[in-house]
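Residue numbers (the numbering used here): 179 to 301. Don't be surprised by glycine CBs; every beta carbon is placed ideally from N, CA and C.
This is how it looks when you write it as structure tokens:
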């Protein structure tokens with residue numbers, strides 16, 4: 179028997195599959211203009227993304243470093259829901275990461291929250 183419960187559903191993708199809606203968070207960090215601060219910051223952020231990926235509800239997390247603005251790093255997080263993102267944002271891991279960044283940043287990080295549909299997760 180075929181399950182047609184998604185047939186004609188407004189949230190269905192082109193093949194009748196549910197679209198995967200994600201909560202995306204971007205965090206942009208600018209290191210102080212010294213190679214030592216940049217290297218230390220990159221180490222802190224690298225540790226953070228590995229630990230973040232292990233959190234419940236984390237679909238993916240990427241760390242990107244700018245080639246046009248040395249010392250600028252972007253973290254892109256993808257979460258299953260607002261609740262899992264909020265739980266992570268309020269977690270000890272975030273507090274630890276914030277403390278570890280003290281003294282390494284040229285300015286406060288830029289943090290933004292996005293709604294997204296992932297074509298990667300469509301089947």
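Check                                                                                                            : Outcome
Environment of residue 263 [buried if 16+ CB atoms lie within 10 Å]                                              : buried
Candidates 210, 227, 296: closest to residue 267 by CA position                                                  : 227
Three-state secondary structure assigned by DSSP to residue 257                                                  : strand
Counted within 10 angstroms of its Cβ, other Cβ atoms place residue 273 as buried (16 or more) or exposed        : exposed
Presumed contact (8 Å Cβ cut-off) between residue 256 and residue 237, rounded CB distance                       : 4 Å
The beta strand (DSSP E) enclosing residue 288, as first and last residue numbers                                : 288-295
Of the residues 247, 233, 205, 254, the one placed nearest residue 276, counting alpha carbons only              : 205
Three-state class that DSSP yields for residue 208 in the structure shown                                        : strand
Runs of alpha helix (DSSP H) lying entirely within the segment 208-285, each at least 4 residues, in chain order : 213-231, 260-267, 270-279
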